Amino acid sequence: MTATTTTAPRTASAPTPDPSPASGPESNPPRTTDPSPSPIPTPAFEIELSAPVNLRDLGGIPIAGGLLREGLAIRTDDLAYVTHDVASALVAEGLTAIIDLRSPLEAAVTGRGPLGRFPVAYHHLPLLADVAEPLREDGPAPRRAPDLGHAAMGAMYVRMMENAAPQLVTALNVIACTPGATAFHCAAGRDRTGVLAAALLLTLGADEEHIVADYARTGANMGAIIRRTRPVLGAMWRALGFDPDAHDASALLEGSMEVSMRILLDTLRERHGDALAPLRRSGLSEDTIVRLRRRALQG
Numbered sequence: 001m002t003a004t005t006t007t008a009p010r011t012a013s014a015p016t017p018d019p020s021p022a023s024g025p026e027s028n029p030p031r032t033t034d035p036s037p038s039p040i041p042t043p044a045f046e047i048e049l050s051a052p053v054n055l056r057d058l059g060g061i062p063i064a065g066g067l068l069r070e071g072l073a074i075r076t077d078d079l080a081y082v083t084h085d086v087a088s089a090l091v092a093e094g095l096t097a098i099i100d101l102r103s104p105l106e107a108a109v110t111g112r113g114p115l116g117r118f119p120v121a122y123h124h125l126p127l128l129a130d131v132a133e134p135l136r137e138d139g140p141a142p143r144r145a146p147d148l149g150h151a152a153m154g155a156m157y158v159r160m161m162e163n164a165a166p167q168l169v170t171a172l173n174v175i176a177c178t179p180g181a182t183a184f185h186c187a188a189g190r191d192r193t194g195v196l197a198a199a200l201l202l203t204l205g206a207d208e209e210h211i212v213a214d215y216a217r218t219g220a221n222m223g224a225i226i227r228r229t230r231p232v233l234g235a236m237w238r239a240l241g242f243d244p245d246a247h248d249a250s251a252l253l254e255g256s257m258e259v260s261m262r263i264l265l266d267t268l269r270e271r272h273g274d275a276l277a278p279l280r281r282s283g284l285s286e287d288t289i290v291r292l293r294r295r296a297l298q299g
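With full-length UniProt numbering applied, the sequence shown corresponds to residues 1 to 299, in that order.
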């Protein structure tokens with residue numbers, strides 16, 4: 001595998017989204033804006049390019065009216081440091097847009113990588129302000145290891161669905177309007193990516209059991225995900241004042257992952273009646289839902 005060295009400026013803004021999305025009869029995706037520069041110094045370290053270990057097309061999942069077709073939505077772990085060969089293959093297979101759900105600091109550290117050299121629209125829609133935000137419910141983040149247990153992660157998913165609803169709605173509009181396939185990713189392709197996948201599948205009329213089952217598929221990949229993401233995420237933790245070696249990642253591998261997604265879906269239903277209510281209040285329109293469902297069943 002090829003290695004490259006990233007030396008980011010002391011206060012780097014995140015990569016600039018591609019201002020010219022691919023054209024087509026259904027193409028008029030919403031514009032996305034650059035996030036504010038990160039106030040945290042971006043670390044310099046070596047990034048080894050590698051293939052994703054948690055990438056899958058959502059095609060084949062039962063939705064309202066049939067099965068979700070392949071080639072609409074791809075969920076994955078970080079695409080910012082894939083190899084050139086992987087980037088080329090994704091584009092050849094129909095990738096036309098990327099939704100990056102990572103924080104501004106994460107995006108600034110890695111840049112867009114090899115995929116930035118291809119004609120693929122880029123939309124940066126952070127669901128968390130930074131990778132330590134789960135620790136910041138009240139005041140500044142304490143310098144402690146995060147709670148990575150499944151119940152704590154489920155509670156974080158609820159906060160993302162409610163607090164980042166505008167970003168999720170924009171992401172759904174991008175998927176609805178972009179010709180070709182849209183890939184969406186965070187770092188591991190589990191948490192932020194799982195929340196957007198759940199929002200998409202809810203919008204398409206998938207039942208909760210199929211949403212939970214898709215989320216749980218990541219469990220088999222967690223060991224490989226930790227190995228792939230640890231160098232980059234370790235640099236993030238250090239930049240934020242945490243010791244990445246001090247916290248135990250075993251909670252990510254223990255127990256049933258289904259718990260986190262069930263907490264999200266159950267809590268949304270209990271609080272709002274309709275799991276999509278936070279998104280509807282943030283602008284998810286019936287037109288977008290109809291367009292998504294039509295595109296999801298085409299072919």
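Backbone N, C-alpha and C define an ideal beta-carbon position, used for all residues, glycine too.
None of the values given here were measured: they were computed from a predicted structure.
**OP:** Please report the Cβ distance between LEU172 and LEU127, rounded to the nearest whole angstrom; I am assuming they are in contact, meaning their Cβ atoms lie under 8 Å.
**Re:** That pair is no contact at about 13 Å.
**OP:** Tell me where the beta strand (DSSP E) around ARG75 begins and ends.
**Re:** Unbroken beta strand (DSSP E) run through ARG75: 73-76.
**OP:** Report the rounded CA-to-CA distance for LEU292 versus ASN163, giving the unit in angstroms.
**Re:** Going from the Cα of LEU292 to the Cα of ASN163 covers about 23 Å.
Original post:
Who does THR182 pair with in a DSSP beta bridge?
Top reply: THR182 is bridged to ALA73, ALA97.
Original post:
Under a Cβ-count criterion, where at least 16 other Cβ atoms within 10 Å of its own Cβ denotes burial, should SER256 be classed as buried or exposed?
Top reply: Residue burial is scored here from C-beta neighbours: SER256 has fewer than 16 other C-beta atoms within 10 angstroms and is therefore classed as exposed.
**OP:** Check each candidate in ILE47, ARG262, ASP287, GLY283 and name the one with the smallest Cα separation from ALA151.
**Re:** Of ILE47, ARG262, ASP287, GLY283, the smallest CA-CA separation from ALA151 is found for ARG262.
Original post:
Hey, out of ASP57, ARG192, GLY219, PRO52, whose CA is closest to GLN167's CA?
Top reply: Ranking ASP57, ARG192, GLY219, PRO52 by Cα distance to GLN167 puts ARG192 first.
Subject >> Residue from GLY71, VAL109, GLY60 whose Cα sits closest to the Cα of ALA213 >> reply: Comparing C-alpha distances from ALA213 to each of GLY71, VAL109, GLY60 shows the shortest one belongs to GLY60.
Subject >> DSSP-derived helix/strand/coil call for PRO52 >> reply: In the displayed model, PRO52 falls within coil according to three-state DSSP, outside both helix and strand.
Subject >> Chain-order list of residues whose beta-carbon lies under 6 Å from that of LEU284 (same chain, five-residue window excluded) >> reply: Around LEU284: VAL169.
Original post:
Where do the N-terminal and C-terminal ends of the alpha helix (DSSP H) with TYR157 fall, by residue?
Top reply: For TYR157, the enclosing alpha helix (DSSP H) has its first and last residue at 150-163.
Subject >> Under the three-state DSSP convention, the category TYR122 falls into >> reply: Three-state DSSP puts TYR122 in a strand.
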